Amino acid sequence: MNATLWDHGRSNGMDGVPSPGEVPRSSSSQLPTFSTAAKIRVALTVVLFLCSTSVNVSMLWSVTKRFQRKPHLRILLMNLAVADLLVTFVVMPLDAAWNVTVQWYAGDLACRLLMFFKLVAMYACSFVTVVISLDRWAAILHPLWVSRAKRKNKAMLCVAWALSFLLAVPQMFVFHTVSRSQPTHFIQCATVGSFGAHWQETLYNMFTFSGLFLVPLLVMVLCYSRILIEISRKMTQARASPKSREVRLRCSHNNIPQIRLRALKMSAITILTFVACWTPYYLLGLWYWFSPEMLTREQVPPSLGHIFFLFGLLSTCLDPLVYCFCSSRYRAGRKLAKAPSAHMASGRASTVNNGPREEPGVHWAHKPGFPQSPKLAWSRKKEKMAESCV
Numbered sequence: 001m002n003a004t005l006w007d008h009g010r011s012n013g014m015d016g017v018p019s020p021g022e023v024p025r026s027s028s029s030q031l032p033t034f035s036t037a038a039k040i041r042v043a044l045t046v047v048l049f050l051c052s053t054s055v056n057v058s059m060l061w062s063v064t065k066r067f068q069r070k071p072h073l074r075i076l077l078m079n080l081a082v083a084d085l086l087v088t089f090v091v092m093p094l095d096a097a098w099n100v101t102v103q104w105y106a107g108d109l110a111c112r113l114l115m116f117f118k119l120v121a122m123y124a125c126s127f128v129t130v131v132i133s134l135d136r137w138a139a140i141l142h143p144l145w146v147s148r149a150k151r152k153n154k155a156m157l158c159v160a161w162a163l164s165f166l167l168a169v170p171q172m173f174v175f176h177t178v179s180r181s182q183p184t185h186f187i188q189c190a191t192v193g194s195f196g197a198h199w200q201e202t203l204y205n206m207f208t209f210s211g212l213f214l215v216p217l218l219v220m221v222l223c224y225s226r227i228l229i230e231i232s233r234k235m236t237q238a239r240a241s242p243k244s245r246e247v248r249l250r251c252s253h254n255n256i257p258q259i260r261l262r263a264l265k266m267s268a269i270t271i272l273t274f275v276a277c278w279t280p281y282y283l284l285g286l287w288y289w290f291s292p293e294m295l296t297r298e299q300v301p302p303s304l305g306h307i308f309f310l311f312g313l314l315s316t317c318l319d320p321l322v323y324c325f326c327s328s329r330y331r332a333g334r335k336l337a338k339a340p341s342a343h344m345a346s347g348r349a350s351t352v353n354n355g356p357r358e359e360p361g362v363h364w365a366h367k368p369g370f371p372q373s374p375k376l377a378w379s380r381k382k383e384k385m386a387e388s389c390v
């Protein structure tokens, strides 16, 4: 995350290692350059910026429109999209511009503030993902949670955002502009002189690494392990007891409705996306923190750090896609869109030849405008309760 030596290149404020493509390897007096690897990194960052902006804005709009009856799920997905957009508009443009300019031209205040907001964005993505894991854990293991899920989720999200800002505050004191005159005048935003010893910098890096990746990963693993154990237990009970195979949609019942399993699938893939995208980069960062000489010994290809960092940023594009392809409403919309003319033609033919077509499994007395029996009213109420369990 931080670079303390000029021959380690510039630090980007949240990376596990400095940019290898800009790291001098032959001479300590050599300055970073806009290398070919850095040019490719900039081009791919621009592509990711455009992709992430479009898909996250679309997700934000879709969630606002489609989840009016599921406010606790809507607020989680909205915050995830906002966190991804924060990474998109803060981390990506700054990283691309910094690779182009190589040195820092924005001044000391901008150095401190931008390093602060970059870490805020990264913390927010991690912590919102943790909140989603906790929400899924509560929904599966404690179904009555849904009655107060919106209020609980708001409280957890407030804590997540507050911690994101609080834990990023040290960045404003660690980072500052430093200049050197040999072999030429060069200004950089770095951590030179902020730590009295190398172990202090390593300790700070490990603290940040724990907040960004290690602690969120542990929470996610614990939540989903407990969820899988619970699902396995209930499936075993269902096989053992014929009566328990009967599908019931009441949220307070022990059986897990399919609608909640779909939501669990969407959340689990979101978590796995975060873990898969960022694990390689942070492992490379750990290696660098405890063995900085790996750069001068050419143990790491220059392009490897670029690839891992871009792979981490890819998670901001994948989150909305996971939501789309795991959403039953999205899939239903795609099916209708594939054959709209056939669907309309079938409806018109049915109306002309046989009168208004009755939907399969639905009696006319069940449709709007007709009185409903108490049994049907209770059945439809249970269906709405099941949807609220998502």
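Numbering of the sequence shown is given in full-length UniProt numbering, commencing with residue 1 and proceeding in unit increments. Glycine is no exception: its CB is placed at the ideal position from the N, C-alpha and C atoms. Fair warning: this is a prediction, and the values are worked out from it, not measured in the lab.
Would you decide whether Ala162 is buried or exposed? Buried here means 16 or more other CB atoms lie within 10 Å of its CB. Looking up residue 162 in the sequence shown gives position 162. When all chains shown are included, Ala162 counts as exposed.
Can you find the residues in the same chain that come closer than 6 Å, C-beta to C-beta, to residue 462, ignoring five residues on each side of it along the sequence? Residue numbering for the chain in the displayed model covers 1 to 390; residue 462 lies beyond these limits and cannot be assessed.
Rounded to the nearest angstrom, what separates Asp95 and Phe89 at their Cα positions? Within the sequence shown, numbered from 1, the residue matching residue 95 stands at position 95. Within the sequence shown, numbered from 1, the residue matching residue 89 stands at position 89. Inter-residue distance for Asp95 and Phe89 is about 10 Å (C-alpha atoms, whole angstroms).
Cβ neighbour criterion (16 or more within 10 Å) applied to Ser133: Position 133 of the sequence shown, counted from the first residue, corresponds to residue 133. Buried.
With H, G and I counted as helix, E and B as strand and the rest as coil, what does DSSP make of Gln188? Position 188 of the sequence shown holds residue 188. Looking at Gln188 - three-state DSSP - the assignment turns out to be strand.
Under 8 Å between C-beta atoms, does Pro71 make it to chain B? Protein chains in the displayed structure number just one, and chain B is not present.
Within the same chain, show all residues whose beta-carbon is closer than 6 Å to that of Phe34, passing over the 5 residues directly before and after it, in chain order. Residue mapping note: residue 34 aligns to position 34 of the sequence shown, counting from 1. Excluding sequence neighbours, Phe34 sits near Val102.
Just confirm the distance between the C-beta atoms of Val128 and Ala83, as a whole number of angstroms; I'd bet it's less than 8 Å. Here residue 128 corresponds to residue number 128 of the sequence shown, with the count starting at 1. Here residue 83 corresponds to residue number 83 of the sequence shown, with the count starting at 1. Contact between Val128 and Ala83 holds, since their C-beta atoms are separated by about 5 Å, short of 8 Å.
Count the CB pairs spanning the stretch 36–49 and the stretch 113–126 that are closer than 8 Å, and state whether there are at least three. No, they do not touch.
Spatially closest choice to Glu201 from Thr36, Leu109, Ser291, Ala121, by CA coordinates: Position 201 of the sequence shown, counting from 1, holds the residue named residue 201. For Glu201, the nearest C-alpha among the options comes from Ser291.
Using only alpha-carbon positions, find the residue among Ala168, Thr236, Ile140, His72 that is nearest to Phe207. Start at 1 with the first residue of the sequence shown, and residue 207 comes out as number 207. Of all alpha-carbon atoms in Ala168, Thr236, Ile140, His72, the one lying nearest the alpha-carbon of Phe207 is that of Ala168.
Rounded to a whole number of angstroms, what is the C-alpha to C-alpha distance between Pro170 and Leu77? Taking the sequence shown and counting its residues from 1, one reaches residue 170 at position 170. Taking the sequence shown and counting its residues from 1, one reaches residue 77 at position 77. Looking at the backbone, the Cα of Pro170 and that of Leu77 are separated by about 29 Å.
Can you give the Cα-Cα distance for Thr191 and Thr64, rounded to whole angstroms? Position 191 of the sequence shown, counted from the first residue, corresponds to residue 191. Position 64 of the sequence shown, counted from the first residue, corresponds to residue 64. Straight through space, the alpha carbons of Thr64 and Thr191 are spaced by roughly 42 Å.
Give the secondary structure of Thr33 by DSSP, where H, G and I count as helix, E and B as strand, and everything else as coil. Sequence index remark: in the sequence shown, residue 33 carries index 33 (1-based). DSSP places Thr33 in coil when its eight states are reduced to three.
Could you pull the start and end residues of the beta strand (DSSP E) that Arg148 belongs to? Stepping through the sequence shown from its first residue, residue 148 is reached at position 148. Taken as a continuous stretch (DSSP letters only), Arg148 belongs to no beta strand (DSSP E), as it is neither H nor E.
According to DSSP, residues forming a beta bridge with Arg180: Taking the sequence shown and counting its residues from 1, the one referred to as residue 180 is at position 180. Assignment of beta-bridge partners to Arg180 by DSSP yields Phe186.
Would you give the residue range spanned by the alpha helix (DSSP H) that Pro93 belongs to? The residue you call residue 93 lines up with position 93 of the sequence shown. First-last of the alpha helix (DSSP H) with Pro93: 92–101.
Beta-carbon contacts of Val362 that lie in its chain and below 6 Å, excluding the five residues immediately before and after: As a working note, residue 362 is residue 362 in the sequence shown. Note that Val362 has pLDDT 40, beneath the 50 cutoff, so the model's placement of it is unreliable and no number is given.
Residue from Arg136, Thr236, Ala43, Thr53 whose Cα sits closest to the Cα of Ser315: For this step, residue 315 is matched to residue 315 along the sequence shown. With distances taken between Cα atoms, Ser315 lies closest to Thr53.
With Tyr224 as the anchor, note down where its alpha helix (DSSP H) starts and where it stops. As a first step, residue 224 must be located in the sequence shown, where it is residue number 224. Run containing Tyr224: 215–240, per the alpha helix (DSSP H) assignment.
In angstroms with no decimal places, state the Cα-to-Cα distance between Gly107 and Val178. Translated into positions along the sequence shown, residue 107 becomes position 107. Translated into positions along the sequence shown, residue 178 becomes position 178. Cα atoms of Gly107 and Val178: separation of roughly 10 Å, rounded to the nearest angstrom.
Within this structure, are the beta carbons of Val120 and Asn153 separated by less than 8 Å? Mapped onto the sequence shown, residue 120 falls at position 120. Mapped onto the sequence shown, residue 153 falls at position 153. No, these two residues do not count as a Cβ contact at 8 Å.
Can you tell me the Cα-Cα spacing of residue 394 and Arg41, whole angstroms? Summary: the structure shown does not reach residue 394, with the chain confined to residues 1 through 390, and so no result is reported for it.
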